[in-house]
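To start, the structure itself, in structure tokens.
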Amino acid sequence: MSEAPTGRSLGLLVCLQCRATVRALQVPHPRCPRCYAHLFQRKPHSLAATAALLVCAAILYIPANLLPVMYTRTIFDDEQDTIMSGVLVLLQSSWPIAVLVFIASIVVPLLKILSLGVVVFSVWRRSPRYRTQRSELFRMVEFIGRWSMLDVYAISLLVALVQIRSLAFVSVGWGALAFAAVVVLTTFAARTFDERLLWEAPP
Amino acid sequence: MSSVIVCPSCDLAHRVGMAPASVGTRCSRCRAPLQRPENGNIDTAIALAICALVLFFLSNAYPLVTIQVNGTTRATTLLGAAMGLYTQGHAGLAALVFTTTVVGPFLQIASLLYLLFPLRSAREAPGQNTIFRLLAQVRPWTFVEVFMLGVLVALVRLSAYARVVPGVALWSCGLLMLTLAALTSRTTPGQFWRWVDRSRT
């Protein structure tokens, strides 16, 4: 089978900002003639940057799930909630919401870290198999990743609302910060990754 | 007449017609969206942006929710959610919430209005390229729809202990979410540069 013509083989660059296809010029730092964004054949240091951000996110995923995200102090008792115990509390009042939070806060970040891990590893190995599926997996991960911020917003609202002195008082735990860091780091990891690396010819 | 475009997701070159696509096309190799169809004119986009701006101000000016426990009432605004985190010493988290719910949507709406208004009369805003690139950086950090669901989760958790009254901002925030979604789908980078190219010829 003959090689399909690619931007690289034809000497064309595509602007990732405005999606214009332009002829590659032999200058040090080419810029898009239409929107003046930097043009790259491939995003620089893509694989290393994505892998580094991903490792950080994977490490922070542990405290994000083990440390309490929220402390509740009422006249009756003191409570501390991790992400998981928060889901269990919700399960008593409304199970659809509990399932939603479970998926958004526990399944989605884990899925995101694992999928990005698979994608990065396969690019590093230059695996030629299931390229279309991996490409679609990456785009799906990019799309659903934002939903894991759900719990951070819910906590921020509870903190702002439940400040009734002598009755109930809610404060934030460090788990919430670790959790938000996982979301931000994985978002950056997905953004630094260059999808075109998935389609690089095997050695 | 035809021209060559390169898929930004897998670098495959495609031969396409010169006319703007009437239907969306996908890359034949990686199935990423390649061309989006022409959708709506610039006036619709401006109208949506103005609508979003009004909703944005409403969402920030009025309380989001009010709770009542034993005769005590407490309300919070959109800004209050970020401020609550800040007063508890979590400046990083507060900054993240503030950026994704207030700064992000505002920059997105304001920069679009700044770009589209002059373009409507075939002129280009000063610093158009810089603002456009800023817009592309800001877009992934607008989490209004996730915030709305977060509010819902918080309300369900509270409803067991307190009387919860939804405020004006809750409704306007919901509408803002829908308006922003419509606005974003109508002002894709491809569509924006199509307007620019058209004003240049």
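Order-wise, the sequence lines are chains Z and P.
So for the first sequence, the numbering used here puts the first residue at 966; every next one is plus one.
So for the second sequence, the numbering used here puts the first residue at 131; every next one is plus one.
We put the beta carbon where it would ideally sit given N, CA and C, even for glycine.
Next item on the list: May I ask which residues mark the beginning and end of the beta strand (DSSP E) holding residue 1134 of chain Z?
Entry: 1133-1137
Note to self: I want to verify the contact list: residues of chain A whose CB lies under 9 Å from the CB of residue 323 of chain P, in sequence order.
What the structure shows: Structure shown: chain A not included; protein chains present are Z and P.
Note to self: Distance cutoff 9 Å, beta carbons only. Does residue 212 of chain P sit that close to anything in chain Z?
What the structure shows: yes
Check: Can you list, in chain order, the stretches of the alpha helix (DSSP H) that have 4 or more residues and sit fully within the stretch 1017-1071 of chain Z?
Finding: 1048-1058, 1060-1067
Margin query: Using a Cβ-Cβ distance cut-off of 9 Å, determine whether residue 1071 of chain Z contacts chain P.
Written below: no
Next item on the list: Look at the alpha carbon of residue 1081 of chain Z and the alpha carbon of residue 1108 of chain Z, and state the distance between them as a whole number of angstroms.
Entry: 13 Å
Checklist line | 8 Å contact criterion, which residue 274 of chain P and residue 231 of chain P should meet: CB distance rounded | finding: 7 Å
Notebook entry, point to check: Going straight from the alpha carbon of residue 307 of chain P to that of residue 189 of chain P, what length do you get?
Noted result: 11 Å
Note to self: For chain Z, check one thing: does any of its Cβ atoms lie closer than 9 Å to the Cβ of residue 197 of chain P?
What the structure shows: yes
Margin query: To the nearest angstrom, how far is the alpha carbon of residue 140 of chain P from that of residue 162 of chain P?
Written below: 8 Å
Next item on the list: State whether the stretch 1148-1166 of chain Z contacts the stretch 1072-1080 of chain Z, with contact taken as three or more CB pairs (one from each stretch) at a distance under 8 Å.
Entry: yes
Note to self: Using a Cβ-Cβ cutoff of 8 Å, what residues of the stretch 145-168 of chain P are near chain Z? List them in chain order.
What the structure shows: 159, 160, 161, 162
Check: So, helix, strand or coil for residue 272 of chain P, using DSSP?
Finding: coil
Check: Could you give the distance in angstroms between the alpha-carbon of residue 971 of chain Z and the alpha-carbon of residue 270 of chain P?
Finding: 28 Å
Margin query: Quick check on residue 1014 of chain Z: does DSSP put it in helix, strand or coil?
Written below: helix
Next item on the list: Jot down the residue ranges of each uninterrupted beta strand (DSSP E) in the stretch 282-312 of chain P, minimum 3 residues, whole runs only, in chain order.
Entry: 293-296
Note to self: At the level of alpha carbons, what is the spacing between residue 1046 of chain Z and residue 135 of chain P?
What the structure shows: 52 Å
Checklist line | Rounded straight-line distance, which links the Cα of residue 157 of chain P to that of residue 133 of chain P | finding: 15 Å
Checklist line | chain P residues whose Cβ lies nearer than 8 Å to that of residue 1164 of chain Z | finding: 140, 141, 142, 159, 160
Notebook entry, point to check: How about the stretch 1014-1022 of chain Z and the stretch 289-300 of chain P: do they share at least three Cβ pairs that are nearer than 8 Å?
Noted result: no
Note to self: Counting only Cβ pairs nearer than 7 Å, list the residues of chain Z close to residue 259 of chain P.
What the structure shows: 1000, 1001
Note to self: Here's the rule: buried if 16 or more other CB atoms are within 10 angstroms of the residue's CB, otherwise exposed. What is residue 317 of chain P?
What the structure shows: buried
Checklist line | Same chain, Cβ closer than 8 Å to residue 203 of chain P, neighbours up to 5 away in sequence not counted | finding: 196, 197
Item checked: Contacting positions in the stretch 171-196 of chain P - beta carbon closer than 8 Å to chain Z -> 194, 195
Notebook entry, point to check: According to DSSP, is residue 1092 of chain Z helix, strand or coil?
Noted result: coil
Note to self: Please list, in chain order, the residues of the stretch 1128-1145 of chain Z that have any C-beta partner in chain P closer than 8 Å.
What the structure shows: 1128, 1129, 1132, 1133, 1136, 1137, 1141, 1142, 1145
Check: Cβ of residue 960 of chain Z within 9 Å of Cβ of residue 978 of chain Z?
Finding: Beyond the ends of chain Z as shown, which are 966 and 1168, falls residue 960 of chain Z; an answer cannot be given.
Note to self: At a CB distance below 9 Å, what residues from the stretch 247-271 of chain P approach chain Z? Give them in sequence order.
What the structure shows: 258, 259, 260, 262, 263, 266, 270, 271
Notebook entry, point to check: Between the stretch 1087-1113 of chain Z and chain P, which residues of the former have a C-beta closer than 8 Å to a C-beta of the latter?
Noted result: 1096, 1097, 1100, 1101, 1104, 1111, 1112
Item checked: DSSP bridge partner residues for residue 145 of chain P (one or two, in chain order) -> P/134
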